[in-house]
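Q:
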Amino acid sequence: MTKRLIVKIDEEKCTGCGKCVSPCAEGAIQIINGKAKVVAEELCDGMGFCIGVCPEGAITIEEREAIPFDLRKAESQPKTTDVSIKCFSCGCGEQDNYLMPVRHNMESLWVCTKCLPRLIHG
């Protein structure tokens with residue numbers, strides 16, 4: 017075990033909406049029994065892309081003893097496309113452009129890299 021940053025999910029706050037699953041490219045988060053769970057610590061890189069899309073504020077990053085991140089195992093996870101994820105501004109999906117989770121007007125949204133400059137600069 018090594019001390020590192022890792023995602024922590026508060027089960028009391030989690031509603032099981034699943035919005036955190038797709039941003040986790042490594043496959044560390046799954047919905048189990050109606051709640052989001054880190055199913056494999058070695059798959060969590062601690063980057064926290066899942067935090068920005070959690071509407072309940074149930075996800076945080078903590079520094080603690082955990083199994084080291086396993087890049088090879090993370091890269092071997094099946095890649096899935098969530099067609100429900102779209103840019104809130106133009107409507108394009110991840111097959112059209114890169115998408116990023118953002119907080120805007122107290123809402124967790126996805127924005128594509130084409131629309132991001134307009135969001136930032138107006």
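My numbering applies: residue 17 is where the sequence shown begins, and numbers increase by one.
No residue lacks a Cβ here, since even glycine has one placed at the ideal position from N, Cα and C.
1) To the nearest angstrom, how far is the alpha carbon of Cys70 from that of Cys36?
2) When you compare only the Cα positions, how much space is there between Gly62 and Leu87?
3) With which residues is His120 paired in a DSSP beta bridge?
4) Give me the residue from Gly73, Cys103, Val99 and Cys60 with the minimum Cα distance to Ala90.
5) Can you check whether the CB of Glu58 is closer than 9 Å to the CB of Ile83?
6) So Ala52 is in the alpha helix (DSSP H); what residue range does that whole segment cover?
7) Taking all protein chains shown into account, do 16 or more other C-beta atoms lie within 10 angstroms of the C-beta of Leu133, making it buried, or fewer, making it exposed?
8) When the Cα atoms are used, what is the spatial distance from Asn49 to Glu28?
9) Tell me the DSSP bridge mates of Cys128?
10) Nearest by alpha-carbon distance to Met116: which of Ser105, Thr129, Gly107 and Ser92 is it?
A: Taking the geometry as given:
1) Distance between Cys70 and Cys36, taken at the CA atoms: about 6 Å.
2) Near 12 Å, if we compare the C-alpha coordinates of Leu87 and Gly62.
3) Answer is Glu123, bridged to His120.
4) Proximity to Ala90 across Gly73, Cys103, Val99 and Cys60 peaks at Cys60, based on C-alpha coordinates.
5) Yes, they are a contact pair.
6) If you look at Ala52, you'll find it isn't in any alpha helix (DSSP H); it sits in the beta strand (DSSP E) that goes Lys51 to Val54.
7) It should be noted that the sequence gives Pro, not Leu, for residue 133. Label assigned to Pro133: exposed.
8) Asn49 and Glu28: Cα-Cα distance of roughly 13 Å.
9) Within the DSSP secondary-structure output, Cys128 pairs in a beta bridge with Leu115.
10) Checked all of Ser105, Thr129, Gly107 and Ser92; the closest Cα to Met116 is Thr129.
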